[in-house]
Amino acid sequence: MGSRPAVFWDRDGTLIEDRGHLGSPSEVRFFPVTIPALRRLEKDFLFFIVTNQPGVAEGQISLQQVDEVNRHVSDRLAEAGVRITAIYVCPHRRSDGCQCIKPNPYFLQQAAGQYDVDLARSFVVGDHPHDVELARRAGARGVYVLTGHGEKHLAELTGDTIIAADVCEAAEWILMLASTAADRTGACRSAATRSP
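If you want it as structure tokens, here you go:
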């Protein structure tokens, strides 16, 4: 079948609201455009979630709680017909000096090897400059969203960066850059009002 492109999504502030260290699935709130946006991309891309969860190392949440929240996110998306291939979690603090914390490309390289992902045709979408830097280090393209902490960190961006209001606009950019779209009319905005 050959290598496939992927979209590596940040979790908090990108797909779901950033509400601090989430300890329970009941705290998860999807942005209204998340599911329609992912549906627009799913036939052409594998999906992964890559999330830094330093609250584990800080003792604010457990890795089990993070896994439960991730399972809920994945299950909710699956119910809507969107498959997440894998979720990668870094449970460390930045000061720990681990290999897996974003913007280190550790998890993207792991996905490339395990799932035959073509990183050069792939995208990273997130609300922090680390997500854009992650894309650069992995040889992928970054899309910065203004949801979550996006507005707060906007001035920290360097170089040419694609900036999108949210994952709906990010999906439109991805489709345009990947040249896979016949319909670029903002379909996920209208679908968001009908999303479960």
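Residue numbers (this note's numbering): 206 to 401.
For glycine and all other residues, C-beta sits at the position ideal for the given N, C-alpha and C.
- Message: Using only the alpha-carbon positions, how far apart do residue 384 and residue 264 sit?
- Response: Counting from 1 along the sequence shown, the entry for residue 384 is found at position 179. Counting from 1 along the sequence shown, the entry for residue 264 is found at position 59. The straight-line gap from Cα to Cα measures roughly 44 angstroms.
- Just mark residue 216 as buried or exposed, buried being the case when its beta carbon has 16 or more other beta carbons within 10 Å. Start at 1 with the first residue of the sequence shown, and residue 216 comes out as number 11. Buried, because 16 or more other Cβ atoms sit within 10 Å of the Cβ of residue 216.
- What are the boundary residues of the alpha helix (DSSP H) that residue 312 is part of? The residue you call residue 312 lines up with position 107 of the sequence shown. Its alpha helix (DSSP H) spans residues 311-320.
- My guess is that residue 307 and residue 257 are in contact by the Cβ rule of under 8 angstroms, so how many angstroms apart are they, rounded? As a first step, residue 307 is located in the sequence shown; it is residue number 102 there, counting from the start. As a first step, residue 257 is located in the sequence shown; it is residue number 52 there, counting from the start. Correct: roughly 5 angstroms between the Cβ atoms.
- Item | Residues near residue 311 by beta carbon distance below 6 angstroms, same chain, minus five either side | Working through the sequence shown from its first residue, we reach residue 311 at position 106. Same-chain partners within the cutoff: 304, 305.
- Message: Taking its Cβ as the centre, do 16 or more other Cβ atoms sit within 10 Å of residue 388, making it buried, or is it exposed?
- Response: For the purposes of this step, residue 388 is taken as residue 183 along the sequence shown, with counting starting at 1. No answer about residue 388 holds up, because its pLDDT of 44 lies below 50 and its placement is not dependable.
- Query: Identify the residues that DSSP records as bridge partners of residue 217: which are they?
  - Reply: Within the sequence shown, residue 217 is the residue found at index 12, counting from 1. Answer by DSSP bridge pairing, in chain order: 221.
- Give me the Cα-Cα distance between residue 209 and residue 278, rounded to the nearest whole angstrom. Here residue 209 is taken as the residue at index 4 of the sequence shown, counted from 1. Here residue 278 is taken as the residue at index 73 of the sequence shown, counted from 1. The alpha-carbon atoms of residue 209 and residue 278 are separated by roughly 23 angstroms.
- Task: Buried or exposed for residue 231, please, with buried defined as at least 16 other CB atoms from any protein chain shown within 10 angstroms of its CB.
- Result: Translated into positions along the sequence shown, residue 231 becomes position 26. Residue 231 should be labelled exposed.
- Tell me whether residue 363 is buried or exposed, calling it buried when 16 or more other Cβ atoms sit within 10 Å of its Cβ. In the sequence shown, the residue the question calls residue 363 occupies position 158. Looking at its Cβ environment, which holds fewer than 16 other Cβ atoms inside 10 Å, residue 363 is exposed.
- Message: Our contact map puts residue 339 next to residue 313 with C-beta atoms below 8 angstroms; I'd like the distance itself, whole angstroms only.
- Response: Walking along the sequence shown from the start, residue 339 turns up at place 134. Walking along the sequence shown from the start, residue 313 turns up at place 108. Right, the Cβ-Cβ distance comes to about 7 angstroms (below 8 angstroms), so this counts as a contact.
- Task: Could you please give the first and the last residue of the uninterrupted alpha helix (DSSP H) stretch that includes residue 283?
- Result: By one-based count along the sequence shown, residue 283 stands at place 78. Residues 268-284.
- Which ranges would you report for the alpha helix (DSSP H) in the segment 313-385 if only whole runs of at least 4 residues count? 334-343, 372-383
- Does DSSP put residue 262 in a helix, in a strand, or in coil? By one-based count along the sequence shown, residue 262 stands at place 57. Note: residue 262 maps to coil in three-state DSSP.
- Message: Please report the distance separating the alpha-carbon of residue 233 from that of residue 222.
- Response: Here residue 233 corresponds to residue number 28 of the sequence shown, with the count starting at 1. Here residue 222 corresponds to residue number 17 of the sequence shown, with the count starting at 1. In a straight line, the C-alpha of residue 233 is about 7 angstroms away from that of residue 222.
- Item | residue 210, DSSP secondary structure in three states | Mapped onto the sequence shown, residue 210 falls at position 5. If DSSP states are grouped into helix, strand and coil, residue 210 belongs with coil.
- Within 9 angstroms, strictly: CB atoms of residue 322 and residue 242: Along the sequence shown, one-based indexing puts residue 322 at 117. Along the sequence shown, one-based indexing puts residue 242 at 37. Not closer than 9 angstroms, so no.
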